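The structure appears below as structure tokens.
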């Protein structure tokens with residue numbers, strides 16, 4: 703029974719990792735930028751949802767609007783910041799990204815104050831309980847939303863022109879441009895989609911933990927990279943599988959041994975092992 | 086050069102004139118970064134105490150002035166702030182509104198430079214052992230742990246206890262005091278585990294904890310972790326009493342724990358919100374009006390740290406006089422956390438209040454007055 707209960711926890715935790723990492727991986731796949739500020743967008747998404755929810759009182763409107771606004775901000779971030787430093791050495795966009803992230807965190811603190819805000823919603827999903835086993839409505843919500851998003855994403859990437867464009871740019875953006883793909887628009891679109899996913903993840907975590915606060919992206923800023931490295935840089939399929947694998951490693955190690963290591967440390971340990979023995983991750987391609 | 090000298094002289098003179106009749110109190114706390122919420126609470130509490138004292142005539146006719154800096158929870162920064170407060174700002178006494186690591190680092194500097202320092206709510210036992218000028222306002226962690234054990238075994242009658250410990254100075258020193266006393270009182274520790282700061286997912290360890298069938302859970306935590314623990318425990322059908330400490334003592338604990346799951350939680354703390362003392366009610370009311378959020382244990386401790394500093398300054402402005410002033414405190418009327426007196430190791434002696442969450446508010450449950458439990462020298 704304990705095993706099944708823990709498995710549900712793996713699915714929920716994994717879903718959140720996947721939502722964050724897929725967006726990041728998408729952006730890396732196209733631009734080869736380590737987009738630390740992704741975690742800033744994640745926090746922004748949570749705050750936006752909270753604020754919109756306060757005004758409208760409707761969680762779904764809040765979630766969707768927050769994803770759209772965050773998506774646009776992500777695209778703007780590319781258009782007005784990254785675009786100018788992409789030609790520099792790879793360390794330059796990385797530093798810019800770290801700077802953006804820190805600025806964003808402090809901006810949230812100035813606007814919202816340093817405190818944690820509760821974010822509770824009531825959703826019409828029943829509480830599933832059988833003996834010691836249970837799935838809470840919020841866990842169900844996270845599983846359903848992640849499921850819908852992953853299926854939608856699969857469809858967009860594999861069955862539409864947008865998806866083909868994204869893949870082409872990720873493979874070789876110069877070649878893609880030569881055959882008529884609007885690369886600038888495609889990159890902006892990758893940022894839009896990735897950032898919208900981050901905002902959804904931030905909102906779901908805010909609701910699940912019932913707390914939204916300026917530094918909630920700190921752990922995410924580096925932990926998302928663990929997932930991306932495990933999955934192989936730029937591989938969306940890899941990120942999805944790695945997200946669930948990491949969650950499973952964390953949950954079952956804690957169930958087995960308690961917190962003999964913090965969960966984050968477990969993630970990093972796995973990442974280091976991967977970097978040594980399988981540097982391209984599960985599904986990574988060799989860098990050119 | 087002459088001009089510069091003359092200018093400096095005038096500047097120095099005018100500054101002296103400007104601050105004549107002012108006692109300067111230094112203050113440091115994390116106002117940015119992950120600990121900014123506690124840092125801001127501490128600063129607000131300290132500012133309110135300054136306002137209270139100045140409005141009632143100051144100390145020996147001198148106004149108090151708070152000079153504060155942000156340590157961002159960085160020990161190196163706390164150390165350089167210590168030098169700055171003493172050597173440039175010439176404060177008479179300093180107050181830490183920060184956590185244990187920064188406070189420990191800074192305490193050494195204040196002791197060496199000969200300026201008394203008061204730790205508002207940092208609990209590490211080592212802080213006051215730094216030297217004879219370092220005081221504490223919060224209750225020593227081992228004492229608070231003991232009080233928790235007294236509550237569990239003597240008051241609630243628990244025989245089997247499960248313990249969750251947050252893996253830092255705060256948690257481990259509380260748990261140490263708790264387990265020693267609980268065993269002494271005849272209870273059995275049936276489960277004990279540590280978890281890291283900032284953890285949000287307790288379902289896995291709570292699942293294991295449940296198998297040990299405890300009568301009571303003693304969980305050291307700050308309000309964010311605590312909110313997850315009480316909620317997830319109830320979700321898993323664990324309904325035994327959960328005992329917390331001052332780390333839970335924030336209205337945020339109640340706000341962040343979903344579905345009223347904070348109800349029935351018991352905590353050992355220093356702030357009795359149902360106290361009939363006028364200073365306590367004034368503090369709670371004014372704090373809420375001024376800062377728009379309810380006061381917590383951190384702000385109350387910082388408020389009292391300034392009150393203790395003022396009590397010290399009443400006896401004089403040299404480090405030794407301040408020290409003697411603080412050591413001679415006899416039931417400090419202006420404190421909101423019932424400071425009775427200081428022991429020779431510069432720890433507070435006070436009764437510990439047990440609060441219970443009922444209908445989303447902290448309320449008085451019991452007061453622990455057993456001197457053997459409360460004695461920091463034990």
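Chains as they are written, first to last, in the working numbering: chain A, 703 to 990; chain B, 86 to 463. Built from N, CA and C at the ideal position, the CB exists for glycine as well. All values reported here derive from a predicted model rather than from experimental measurement.
Strand pairing of residue i, partner residues [DSSP]
i, result
"residue 59 of chain B", "With chain B represented from 86 up to 463, any question about residue 59 of chain B goes unanswered, as that position is not in the structure."
"residue 147 of chain B", "B:144"
"residue 426 of chain B", "B:434"
"residue 819 of chain A", "A:914"
"residue 448 of chain B", "B:441"
"residue 351 of chain B", "B:328, B:441"
"residue 111 of chain B", "B:152, B:179"
"residue 835 of chain A", "A:832"
"residue 965 of chain A", "Answer by DSSP bridge pairing: none, since residue 965 of chain A is not bridged."
"residue 304 of chain B", "B:249"
"residue 165 of chain B", "BP columns for residue 165 of chain B are empty, so no partner."
Chain B within 7 Å of residue i, Cβ atoms only
i, result
"residue 817 of chain A", "yes"
"residue 795 of chain A", "no"
"residue 860 of chain A", "no"
"residue 708 of chain A", "yes"
"residue 961 of chain A", "yes"
"residue 982 of chain A", "no"
"residue 917 of chain A", "yes"
"residue 964 of chain A", "yes"
Partner residues on chain B for residue i, Cβ-Cβ distance less than 7 Å
i, result
"residue 956 of chain A", "289, 290"
"residue 704 of chain A", "292"
"residue 822 of chain A", "343"
"residue 953 of chain A", "289"
Counted within 10 angstroms of its Cβ, other Cβ atoms place residue i as buried (16 or more) or exposed
i, result
"residue 779 of chain A", "buried"
"residue 990 of chain A", "A caution first: residue 990 of chain A carries a pLDDT of 43, below 50, which makes its placement in the model unreliable, though a value can still be read off. Exposed."
"residue 906 of chain A", "buried"
"residue 209 of chain B", "buried"
"residue 456 of chain B", "exposed"
"residue 757 of chain A", "exposed"
"residue 925 of chain A", "buried"
"residue 1013 of chain A", "A question about residue 1013 of chain A goes unanswered here, because the residues of chain A that appear run from 703 up to 990."
"residue 834 of chain A", "exposed"
"residue 895 of chain A", "buried"
"residue 346 of chain B", "buried"
"residue 806 of chain A", "buried"
"residue 444 of chain B", "exposed"
"residue 297 of chain B", "exposed"
"residue 979 of chain A", "exposed"
Sequence-distant residues of its chain with Cβ nearer than 6 Å to residue i (five each side left out)
i, result
"residue 102 of chain B", "Per-residue confidence for residue 102 of chain B stands at a pLDDT of 47, beneath the threshold of 50, marking its modelled position as unreliable; no derived number is given."
"residue 820 of chain A", "912"
"residue 157 of chain B", "115, 117, 118"
"residue 800 of chain A", "738"
"residue 277 of chain B", "248"
"residue 198 of chain B", "171"
"residue 373 of chain B", "379"
"residue 231 of chain B", "262, 266, 458"
"residue 723 of chain A", "926, 929, 930, 941, 945"
CB contact check: residue i to chain A, cutoff 7 Å
i, result
"residue 281 of chain B", "yes"
"residue 343 of chain B", "yes"
"residue 136 of chain B", "no"
"residue 250 of chain B", "no"
"residue 192 of chain B", "no"
"residue 121 of chain B", "yes"
"residue 257 of chain B", "no"
"residue 337 of chain B", "yes"
"residue 444 of chain B", "no"
Contact list for residue i against chain A, beta-carbon separation under 9 Å
i, result
"residue 125 of chain B", "815, 816, 817"
"residue 260 of chain B", "Simply none; closest approach about 14 Å."
"residue 385 of chain B", "Chain A residues near residue 385 of chain B: none, gap ~17 Å exceeds 9 Å."
"residue 162 of chain B", "Near residue 162 of chain B there are no residues of chain A at all, since even the closest Cβ is about 16 Å away, more than 9 Å."
"residue 309 of chain B", "818, 911, 913, 915"
"residue 187 of chain B", "Here the premise fails: no neighbours, minimum Cβ distance about 16 Å."
"residue 350 of chain B", "Within chain A, no residue comes near residue 350 of chain B; the closest Cβ sits about 16 Å away, beyond 9 Å."
Chain-ordered chain A contacts of residue i [CB-CB under 8 Å]
i, result
"residue 320 of chain B", "836, 838"
"residue 312 of chain B", "912, 913"
"residue 305 of chain B", "Result: empty, since nearest Cβ-Cβ is about 13 Å, beyond 8 Å."
"residue 211 of chain B", "Per Cβ cutoff of 8 Å: no residues; residue 211 of chain B is ~23 Å from chain A at best."
Close-in-space but distant-in-sequence residues of the same chain around residue i (CB under 8 Å, 5 per side omitted)
i, result
"residue 139 of chain B", "148, 149"
Contact set between residue i and chain A, taken where Cβ atoms lie within less than 7 Å
i, result
"residue 285 of chain B", "911"
Own chain residues within Cβ distance below 7 Å of residue i, not counting five before or after
i, result
"residue 160 of chain B", "186, 187, 190"
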